[in-house]
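2 protein chains.
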Amino acid sequence: MQENLPSTLSKELLEELQNAIENLDVAFIKSKIEDELHPADIAALVYELQEEEAHFLLENLSVEVASEVLSELDEDIRKDFFKKLSYEKLAEYINLMDSDDAVDILKELDIQVREEVIATLRDRQKARNIIHLLPYEEGTAGALMAKELIKANINWNIKQCIEEIRRQAEKVEKVYSIYVVDDKNILKGRVSLKKIILSSDDTLIADIYEDEDIVAVESYRTQDEVVEIMQKYDLEAIPVVNVQGKLLGRITIDDIVDVIQERADAERQAMSGLSGDTEEDDSVWQSVKARLPWLIIGMAGGMLAASVTDMLGQPVILLVSVLANFTTLIAGTGGNVGIQSSSVILQSLAHKSVFELSTFQRLFKVLLIALLNGTILGILVLLFCLIFGYEIKVAIVVSAALFSVILLASFTGTLTPLVLNRLGFNPALAAGPFITTANDLIGLAVYFSVARLIYHI
Amino acid sequence: MQENLPSTLSKELLEELQNAIENLDVAFIKSKIEDELHPADIAALVYELQEEEAHFLLENLSVEVASEVLSELDEDIRKDFFKKLSYEKLAEYINLMDSDDAVDILKELDIQVREEVIATLRDRQKARNIIHLLPYEEGTAGALMAKELIKANINWNIKQCIEEIRRQAEKVEKVYSIYVVDDKNILKGRVSLKKIILSSDDTLIADIYEDEDIVAVESYRTQDEVVEIMQKYDLEAIPVVNVQGKLLGRITIDDIVDVIQERADAERQAMSGLSGDTEEDDSVWQSVKARLPWLIIGMAGGMLAASVTDMLGQPVILLVSVLANFTTLIAGTGGNVGIQSSSVILQSLAHKSVFELSTFQRLFKVLLIALLNGTILGILVLLFCLIFGYEIKVAIVVSAALFSVILLASFTGTLTPLVLNRLGFNPALAAGPFITTANDLIGLAVYFSVARLIYHI
Chain A
1 MQENLPSTLS KELLEELQNA IENLDVAFIK SKIEDELHPA DIAALVYELQ EEEAHFLLEN
61 LSVEVASEVL SELDEDIRKD FFKKLSYEKL AEYINLMDSD DAVDILKELD IQVREEVIAT
121 LRDRQKARNI IHLLPYEEGT AGALMAKELI KANINWNIKQ CIEEIRRQAE KVEKVYSIYV
181 VDDKNILKGR VSLKKIILSS DDTLIADIYE DEDIVAVESY RTQDEVVEIM QKYDLEAIPV
241 VNVQGKLLGR ITIDDIVDVI QERADAERQA MSGLSGDTEE DDSVWQSVKA RLPWLIIGMA
301 GGMLAASVTD MLGQPVILLV SVLANFTTLI AGTGGNVGIQ SSSVILQSLA HKSVFELSTF
361 QRLFKVLLIA LLNGTILGIL VLLFCLIFGY EIKVAIVVSA ALFSVILLAS FTGTLTPLVL
421 NRLGFNPALA AGPFITTAND LIGLAVYFSV ARLIYHI
Chain B
1 MQENLPSTLS KELLEELQNA IENLDVAFIK SKIEDELHPA DIAALVYELQ EEEAHFLLEN
61 LSVEVASEVL SELDEDIRKD FFKKLSYEKL AEYINLMDSD DAVDILKELD IQVREEVIAT
121 LRDRQKARNI IHLLPYEEGT AGALMAKELI KANINWNIKQ CIEEIRRQAE KVEKVYSIYV
181 VDDKNILKGR VSLKKIILSS DDTLIADIYE DEDIVAVESY RTQDEVVEIM QKYDLEAIPV
241 VNVQGKLLGR ITIDDIVDVI QERADAERQA MSGLSGDTEE DDSVWQSVKA RLPWLIIGMA
301 GGMLAASVTD MLGQPVILLV SVLANFTTLI AGTGGNVGIQ SSSVILQSLA HKSVFELSTF
361 QRLFKVLLIA LLNGTILGIL VLLFCLIFGY EIKVAIVVSA ALFSVILLAS FTGTLTPLVL
421 NRLGFNPALA AGPFITTAND LIGLAVYFSV ARLIYHI
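Encoded structure:
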């Protein structure tokens, strides 16, 4: 037994593998890699190899193991490898994958290649499954589901059900429940494997299946809805039905875990102003490409801020130059308040409830919070200014401007993610450079306006 | 069959329930709530009720359903309800929970109450399980595991194994695999339920169990390690062993999904400068408390920035007042670069690999990326300044300062999360107001220093 597989991966093993590949040592690949490692670990090794090395490794694994490794890899590595293969070879790999993985991978290929591969598949049931799954739109329950599942007719007995399990055993790797359908393939409920084991052979499915507790999703539901439901009911698999209630497939929890993780990663990237799916081990050039767009937008915002300062601020600064000291404080607090507000909305959007606040209730609460925060910080900054020896008029300008900026930034921070979400953009963008830049501009404009009002400029 | 449970929750149902509670209508609670809704949905309703209403509802559910609802609720609501109960009543609820949920809930109670409840538990095996689980430290595999699982001795045959399943069936709600142990309770492997169904009664476990693919974790592993392993190998449950390899318990994927979700929420909050576990439906006062601390820290940073500007910047501004226009651009870009850099490190820390870059490799790459970004943005800003009609000397100051700030912010953004992580803090703090404030200060200091150098002030 390998008690803790990850520790079996090491830099030494990587070096041995690289040596083996250099010496075309296929025996090493069979005995030390294929037989000893989990496909997920082999995939982790592939990431560390040069392209040529990776291809040599993949070509010399059995088709069974290679197809599992290929399912685990990133799209770009897989595509490079597939480019070199014939349709027949490609079809051999696809043939061994679950239908959901197979479809995800086929969608990465050119349409013509895709069609040829499907036509070449040996397992015609698999081909039909794939053709059924291909049209579902990305991000829906239909696109997440696999066709592989075990179902039993409600009129069967346990013996017939076990026969079906035997027949499907090889194709369905993980069986959690047997789904129960009627003659028209309408989902009626489910039976757990535990119950099947504990029932006698002639027990009727109709007598033991659960119809109360079963939760299913329609294929058009969004993946966020599926996540919500599976999380709420602690499910390890969920059946997918069409609008008539016919059983189409099932979604397993490992795919949902991936969705949750990807969503968190996408949110982090949007919040930090990174474009695309960037990682630390990207090349320098990829990293620059991921970072530049938002930096340039931020810089354009900064140039706008310079113009605002030039027009509104210069008359003030020429008269009372110490007022220039507080631009960072005002803009910074505006940014912080805006991000806090949008983050709270992000949290709500991520955990939707049936009983949501209306926009009016939301904004009223935001107003109350902002009034409190604004008053407290306004008083604090007034005291700070006096302690630091600024004159009272300066202190009043700074304090009044800070109060106004906190109010405004609370509203922009609350509304921007709601609007982005409504328009179909990632609302997390509102917690990033976008909202910060907007709040910088608003903050400066408010600050200098307040100053001119109080100084009668 | 309820095809889509969430839609059965509605504002109308909530109102009906509130009316029923007001009229002490227990029949409604039994027929429309207990019999029709999933415990997770009942919990969602509880959140919408006043305290008194919630207690009436919980008291009038059967102990079985109430204990499931209680496991789903937030700590504060549960604690309020428990305060009113006798030890005996409390023990009745705990008695029906899985050992991991029971322990989590008992840990919320005062030690004396906890001890009394454990002493009162009717199921003595449950009491022993709880006593075994209590000492595990929060955040370890031991704290995540439940004792409920089905194990089979390697010398048994299928028939004996099925007898064991029958014996444990009520206590172990979800059975994924049967864990195989030897006479000393050392974990040897596992058998899937599918295999048990497909094997004849006299087949020996020893002949069919899988020993190759089984992955287990030691109880002292961190929950992040458990998440990593279960995600990597797409597991729905993982056995937990002690250092001698003895089987202690198992962790199921629903707990891991919760860990991933909580981690993402905590990261979002740290990145946006929110303290504690804040939600949109917190009270106004709770919301203010969650937001104020980081706003005050940010404000203190802003006052420091004012001092830096006063000391380093005022001589420059008095001479060339347009230089005041660019403080927001410089500070803002510094903040954006810093957050991008820390976010990339956060991503790496969240997806640890065996083959990580060394700190030196990391910093070298950061340097290259920063040089490229800095050069591109520096040239852009130089052109912008000239187009906007600023004199060449001003343009050079701004451009040179921006370049330097991008370099510096890249390093602080990279190093801060690594240092925070090493010190045991949440590294996501480095992508929030903290790093922004620090970069504001660095940015201003660099900017005015460059200005004084070029203007010989």
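Protein chains in written order, with full-length UniProt numbering: chain A, 1 to 457; chain B, 1 to 457. Quick reminder that beta carbons are idealized off the backbone N, C-alpha and C, glycines included. Given the structure is predicted, the values throughout are model-derived calculations rather than measurements.
Taking C-beta to C-beta, are residue i and residue j nearer than 7 Å?
| i | j | result |
| --- | --- | --- |
| residue 413 of chain A | residue 342 of chain A | yes |
| residue 68 of chain A | residue 14 of chain A | no |
| residue 149 of chain A | residue 250 of chain A | yes |
| residue 124 of chain A | residue 373 of chain B | no |
| residue 41 of chain B | residue 9 of chain B | yes |
| residue 454 of chain B | residue 405 of chain B | no |
| residue 433 of chain A | residue 417 of chain A | no |
| residue 381 of chain B | residue 410 of chain B | no |
| residue 451 of chain A | residue 318 of chain A | no |
| residue 273 of chain A | residue 269 of chain B | no |
| residue 141 of chain A | residue 120 of chain A | no |
| residue 187 of chain B | residue 247 of chain B | yes |
| residue 403 of chain B | residue 316 of chain B | no |
| residue 208 of chain A | residue 194 of chain A | no |
| residue 330 of chain A | residue 395 of chain A | no |
| residue 201 of chain A | residue 154 of chain A | no |
| residue 151 of chain B | residue 129 of chain B | no |
| residue 177 of chain B | residue 190 of chain B | yes |
Starting from the beta carbon of residue i, find every residue of chain B whose beta carbon is closer than 7 Å, and list them in chain order.
| i | result |
| --- | --- |
| residue 233 of chain A | 38, 40 |
| residue 365 of chain A | 284 |
Which residue wins for smallest C-alpha separation from residue i, given the options the options?
| i | options | result |
| --- | --- | --- |
| residue 221 of chain A | A:205, A:243, A:214 | A:243 |
| residue 27 of chain B | B:61, B:422, B:295, B:432 | B:61 |
| residue 97 of chain A | A:446, A:376, A:70 | A:70 |
| residue 443 of chain B | B:361, B:356, B:309, B:362 | B:309 |
| residue 361 of chain A | B:447, B:219, B:283 | B:283 |
| residue 23 of chain B | B:281, B:240, B:53 | B:53 |
| residue 349 of chain B | B:298, B:267, B:394 | B:267 |
| residue 36 of chain A | A:446, A:384, A:17, A:50 | A:17 |
| residue 131 of chain A | A:162, A:165, A:161, A:94 | A:94 |
| residue 63 of chain A | A:88, A:191, A:190 | A:88 |
| residue 387 of chain B | A:408, A:30, A:303, A:424 | A:303 |
Residues of chain B with CB closer than 9 Å to the CB of residue i, please, in chain order.
| i | result |
| --- | --- |
| residue 408 of chain A | The premise fails here: residue 408 of chain A is roughly 15 Å from chain B at the closest Cβ pair, so nothing lies under 9 Å. |
| residue 34 of chain A | Correct list: empty, because the minimum Cβ distance to chain B is about 12 Å. |
Please list, in chain order, the chain A residues whose beta carbon lies closer than 8 Å to that of residue i.
| i | result |
| --- | --- |
| residue 440 of chain B | 328, 332 |
| residue 163 of chain B | Within 8 Å Cβ-Cβ: nothing; residue 163 of chain B doesn't reach chain A, min ~10 Å. |
Look up residue i in the DSSP assignment and give the residues it is bridged to.
| i | result |
| --- | --- |
| residue 157 of chain A | A:204 |
| residue 189 of chain A | A:180 |
| residue 140 of chain A | A:222 |
| residue 249 of chain B | B:240 |
| residue 89 of chain B | BP columns for residue 89 of chain B are empty, so no partner. |
| residue 152 of chain B | B:180 |
| residue 146 of chain A | A:250 |
Take residue i and list the residues in its own chain whose beta-carbon comes closer than 7 Å to its own, dropping the five residues that flank it on each side.
| i | result |
| --- | --- |
| residue 43 of chain B | 69, 72, 73 |
| residue 245 of chain B | 186, 187 |
| residue 301 of chain A | 437, 440, 441 |
| residue 215 of chain A | 229, 233, 235, 238 |
| residue 156 of chain B | 205 |
| residue 21 of chain A | 53, 56, 57 |
| residue 75 of chain A | 108 |
So with CB distances below 8 Å, who are the chain B contacts of residue i?
| i | result |
| --- | --- |
| residue 336 of chain A | 273, 294, 295, 298, 433, 436 |
Please list the partners that residue i has in chain A, where partner means a Cβ-to-Cβ separation under 7 Å.
| i | result |
| --- | --- |
| residue 200 of chain B | Near residue 200 of chain B there are no residues of chain A at all, since even the closest Cβ is about 12 Å away, more than 7 Å. |
| residue 197 of chain B | 162, 165, 193, 196, 197 |
With a threshold of 6 Å, establish whether the CB of residue i neighbours any heavy atom of the ligand SAM.
| i | result |
| --- | --- |
| residue 60 of chain A | Among the components of this structure there are no ligands whatsoever, and the ligand SAM is therefore not found. |
Might you give, ordered along the chain, the residues of its own chain that have their beta carbon closer than 6 Å to the beta carbon of residue i, omitting 5 neighbours on each side?
| i | result |
| --- | --- |
| residue 399 of chain A | 378, 381, 382 |
| residue 275 of chain A | 290, 293 |
Within the same chain, show all residues whose beta-carbon is closer than 8 Å to that of residue i, passing over the 5 residues directly before and after it, in chain order.
| i | result |
| --- | --- |
| residue 420 of chain A | 426, 427, 429, 430 |
| residue 232 of chain A | none |
| residue 19 of chain A | 25 |
Please list, in chain order, the chain A residues whose beta carbon lies closer than 9 Å to that of residue i.
| i | result |
| --- | --- |
| residue 262 of chain B | Near residue 262 of chain B there are no residues of chain A at all, since even the closest Cβ is about 11 Å away, more than 9 Å. |
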